[in-house]
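Residue numbers (the working numbering): -5 to 360.
Just so it is clear, CB atoms sit at the ideal spot from N, CA and C, and this is done for glycine as well.
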């Protein structure tokens, strides 16, 4: 039985954690994160994929040698997670149907994120026709069942971060957050020196821009070095339906870290992303601009300017008022004042273990 949100209802004993109805099929995405960035609920960001374990995973998802069709529909015969040994549950959410696990994989520290994939409308008829149904309770017009669909209709998305650093582990632990108000002066004296000191790796971004990785995932590209960008799906989106659409536009300019560095001189770049990004999404996915949420994060999860394109109907991570800045608002603000984002105070959340939070505390700003 499906509830109003389209989720399978299942009774469980009081005081126990929800468990999968049966052994699911698991498909793998291998992502390596920028080790210095900690932005709460954001999923992992990729870095280098050169380690041996990473290559094994890459063969199983989206690699032409593993899937000649290029659709990534089969995960291959090798299951690298069979050797994963869980040491701790970092976080779980019954509402979002995700669990974050810390453990060992091939003798390396690893984080594994398991997430139930959405139920699609096109699969409902087959699910009803092919599933096993077991009655749990009936009362007047109400009844609940255990519904066991075929394996290919009950897939979990598995994201693997390996080798994982201590920063990765802390990133996915439930922690207290604080709202920081950063002035223009704070950015120059606290935030920018912190970014420069940490030297966060952006090699995975450059790999995309140079077509050394994920070239087959690019939806659209404008190669212009000044106003150009690459548009590709975010790994949070499984690309099976548009109601949770999520794409990222990564600019070709390499000297822009965030909205803090934008001026009126960058308006052609921003307008180009806004116009061509929306046109590309409409052409590929049939979703009009009126159903899109287009925004920046501040602080961003990595310091190379990028824009988020998400479906308005979805509750995308980081789309709240404390972190998201609509692209349309940014364009209007820069038209009114070319130095707007270099002077204005900006607020954003930081988790308790974030190094940037410690810098603000040491400076007496929190």
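Closest by C-alpha distance to residue i, when choosing among the options
i: residue 126; options: 112, 155, 145; result: 145
i: residue 284; options: 231, 322, 298; result: 322
i: residue 155; options: 128, 94, 181, 201; result: 94
i: residue 344; options: 317, 330, 335; result: 317
i: residue 232; options: 159, 151, 340, 314; result: 151
i: residue 211; options: 221, 200, 227, 198; result: 227
i: residue 332; options: 324, 187, 257; result: 257
i: residue 303; options: 315, 114, 282; result: 282
i: residue 99; options: 109, 270, 327, 153; result: 153
i: residue 342; options: 248, 313, 349, 292; result: 292
i: residue 350; options: 218, 287, 295; result: 295
i: residue 276; options: 149, 137, 214; result: 214
i: residue 124; options: 76, 280, 148, 269; result: 148
i: residue 348; options: 168, 83, 328, 130; result: 168
Rounded straight-line distance, which links the Cα of residue j to that of residue i
i: residue 357; j: residue 243; result: 34 Å
i: residue 311; j: residue 238; result: 11 Å
i: residue 255; j: residue 72; result: 45 Å
i: residue 163; j: residue 101; result: 16 Å
i: residue 173; j: residue 134; result: 49 Å
i: residue 74; j: residue 132; result: 42 Å
i: residue 117; j: residue 236; result: 15 Å
i: residue 176; j: residue 340; result: 5 Å
i: residue 289; j: residue 320; result: 4 Å
i: residue 249; j: residue 161; result: 25 Å
i: residue 240; j: residue 182; result: 32 Å
i: residue 119; j: residue 335; result: 51 Å
i: residue 199; j: residue 216; result: 16 Å
i: residue 142; j: residue 114; result: 16 Å
i: residue 136; j: residue 128; result: 15 Å
i: residue 158; j: residue 330; result: 44 Å
i: residue 109; j: residue 192; result: 31 Å
i: residue 269; j: residue 187; result: 34 Å
i: residue 76; j: residue 308; result: 33 Å
i: residue 422; j: residue 89; result: Missing from the structure shown is residue 422; the chain here goes from -5 to 360 and no further.
i: residue 363; j: residue 326; result: Given that the chain is displayed from residue -5 to residue 360, the structure contains no residue 363 and the question cannot be resolved.
i: residue 178; j: residue 140; result: 56 Å
i: residue 205; j: residue 194; result: 21 Å
i: residue 54; j: residue 355; result: Annotation note: pLDDT 40 at residue 54 (below 50); position unreliable, coordinate value reported separately. Whole-angstrom Cα-Cα distance: 44 Å.
i: residue 87; j: residue 130; result: 24 Å
i: residue 396; j: residue 201; result: Residue 396 lies beyond the stretch modelled for the chain, which goes from -5 to 360, so this question has no answer here.
i: residue 328; j: residue 218; result: 22 Å
Beta-carbon proximity check, residue i vs residue j, cutoff 8 Å
i: residue 170; j: residue 346; result: yes
i: residue 111; j: residue 96; result: no
i: residue 230; j: residue 298; result: no
i: residue 274; j: residue 225; result: yes
i: residue 180; j: residue 359; result: yes
i: residue 264; j: residue 220; result: no
i: residue 166; j: residue 85; result: yes
i: residue 301; j: residue 280; result: no
Supposed contact pair residue j and residue i - C-beta distance, whole angstroms, cut 8 Å
i: residue 104; j: residue 122; result: Incorrect: roughly 37 Å between the Cβ atoms, too far for contact.
i: residue 353; j: residue 184; result: 5 Å
i: residue 246; j: residue 203; result: 6 Å
i: residue 315; j: residue 253; result: That belief does not hold up - the Cβ atoms of residue 315 and residue 253 are roughly 15 Å apart, past 8 Å.
i: residue 267; j: residue 223; result: 5 Å
i: residue 278; j: residue 313; result: With a Cβ gap of about 21 Å, residue 278 and residue 313 do not count as contacting.
Can you give, in chain order, each stretch of the beta strand (DSSP E) that sits fully within the region 129 to 179 and has at least 3 residues?
-> Counting only runs of 3 or more, we get 136 to 142, 149 to 155, 171 to 176.
Ranges of the beta strand (DSSP E) found wholly within the region 213 to 281, counting only runs of at least 3 = As far as the region 213 to 281 is concerned, its whole beta strand (DSSP E) runs of at least 3 residues are 214 to 216, 223 to 227, 240 to 245.
Whole beta strand (DSSP E) elements within the region 64 to 121, 3-residue minimum | Secondary structure remark: continuous beta strand (DSSP E) runs of at least 3 residues inside the region 64 to 121, in chain order: 79 to 87, 92 to 99, 102 to 110.
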